[in-house]
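*Asks:*
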Amino acid sequence: MEYLHASLILHSAGKKITEKAVTDVLTAAGVTPDKNRIKGLVASLADVNIEDALKSAAVMPAAVSAAAPAAATPAAATPAAAPAPEPEEEEEEEETGLSSLFG
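First residue of the sequence shown? That's 4 in this note's numbering, and the numbers climb one at a time after it.
Written out as structure tokens, the structure reads:
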């Protein structure tokens with residue numbers, strides 16, 4: 004993850020993403036760089052337009068969060084169909100579960 008973050012830092016600073024630049028960022032952050040991972044990262048980012056990738060990635064969480072309330076609405080309409088367990092039963096299950104862990 005830190006390798007990708009290093010490349011994003013370089014991109015946001017307007018610097019070219021090179022093996023040396025990524026190595027320098029990782030070293031400055033206190034990470035021991037792996038030359039093979041850096042080489043693979045730089046090679047895989049060579050054909051990527053990072054601005055477009057960031058724009059499409061920023062849209063994705065908004066779409067997921069917009070879908071979540073719609074999915075929650077039908078579930079909210081059906082709580083009467085399934086009776087809620089009594090609190091006493093939950094406490095018993097928790098005690099049994101914990102006691103099985105310790106003996």
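C-beta atoms are modelled at their ideal positions from N, C-alpha and C, and glycine is treated no differently. Since we're looking at a predicted model, the values are computed, not measured.
To which residues of the same chain is Val-25 closer than 8 Å at the C-beta, ignoring the five residues directly before and after it?
*Replies:* As a working note, residue 25 is residue 22 in the sequence shown. Here the set comprises Tyr-6, Ala-9, Ser-10, Leu-13, Pro-36, Ile-41, Leu-44 and Val-45.
*Asks:* Just curious, the alpha helix (DSSP H) that Lys-38 is in, first and last residue?
*Replies:* Sequence index remark: in the sequence shown, residue 38 carries index 35 (1-based). Note, Lys-38: alpha helix (DSSP H), 38-48.
*Asks:* Could you pull out every residue in the same chain whose Cβ sits closer than 8 Å to the Cβ of Glu-22, ignoring the five residues on either side in sequence?
*Replies:* Against the sequence shown, residue 22 aligns to sequence position 19. Result list for Glu-22: Lys-38, Ile-41, Lys-42 and Val-45, in chain order.
*Asks:* Residue range of the alpha helix (DSSP H) that Val-25 falls in?
*Replies:* The residue you call residue 25 lines up with position 22 of the sequence shown. Counting along the chain, the alpha helix (DSSP H) containing Val-25 begins and ends at 22-31.
*Asks:* At the level of alpha carbons, what is the spacing between Lys-58 and Ala-31?
*Replies:* Locating residue 58 in the sequence shown gives position 55, counting from the first residue. Locating residue 31 in the sequence shown gives position 28, counting from the first residue. When rounded, the distance between both Cα atoms is 28 Å.
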